[in-house]
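A.B. asks: Going by my numbering, the first residue of the sequence shown is number 1082, and it counts up by one from there.
Backbone N, C-alpha and C define an ideal beta-carbon position, used for all residues, glycine too.
Please read all numbers here as calculations on a predicted model, not as lab measurements.
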Amino acid sequence: MPQPANRLAIAAAIGLTATLCLWAPSAAQADPALECTVEGKPGIRIAERCIARDTTRLDLSYTRLSDLSPLAGLTGLETLDISLTQVSDLSQLAGVPGLDLLTTPDGTLYVVKEIEQAIAEWTP
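1. Do Thr1166 and Thr1185 come within 7 angstroms of each other at the CB atom, strictly closer than that value?
2. Among Asp1187, Pro1178 and Arg1126, whose alpha-carbon lies nearest the alpha-carbon of Val1193?
3. From which residue to which residue does the beta strand (DSSP E) around Glu1202 run?
4. Check the DSSP bridge columns for Leu1183 and list the partner residues they point to.
5. Could you tell me the alpha carbon to alpha carbon distance between Glu1120 and Thr1136, rounded to whole angstroms?
6. Can you tell me whether Ala1199 is buried or exposed? The criterion is at least 16 other CB atoms within 10 Å of its CB, across all chains shown.
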């Protein structure tokens, strides 16, 4: 099996899209199975993808996402699209202070002043 970086080159050469995700254990994260690295930067595994912790915009629409708890580690997140996902509880987003644009599972777009309202409406 090729090394991870070589897998990206091979995938690109044959016209496939691939994501490099290397597991990196960390004592700082409660669940080490969620830890990964993206281009040498610390990341977290969300919806079967490795997302850099410094990500500011994230589109998780049309995924099987149902649990937002890993997003608490993305403190710089500003824009999030979780439309057409299986998410039913947005309470975890209260720990993402910079979020100013949110698309909820039903496709409704909320701007910064409305996000607290969206979290309240989507919290069981």
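C.D. replies: Result, derived from the coordinates:
1. Locating residue 1185 in the sequence shown gives position 104, where the first residue counts as 1. Locating residue 1166 in the sequence shown gives position 85, where the first residue counts as 1. Cβ distance not < 7 angstroms, so Thr1185 and Thr1166 don't count as in contact.
2. Position 112 of the sequence shown, counted from the first residue, corresponds to residue 1193. The candidate whose alpha carbon is nearest that of Val1193 is Pro1178.
3. Along the sequence shown, read from residue 1 onward, the residue named residue 1202 stands at position 121. Per DSSP, Glu1202 belongs to no beta strand (DSSP E); it is in the alpha helix (DSSP H), Ile1196 to Glu1202.
4. The residue you call residue 1183 lines up with position 102 of the sequence shown. Answer is Leu1161 and Tyr1191, bridged to Leu1183.
5. Within the sequence shown, the letter at position 39 stands for residue 1120. Within the sequence shown, the letter at position 55 stands for residue 1136. C-alpha separation (whole angstroms): 13 angstroms.
6. For the purposes of this step, residue 1199 is identified with residue 118 of the sequence shown, where counting begins at 1. Buried, since its Cβ has 16 or more Cβ neighbours within 10 Å.
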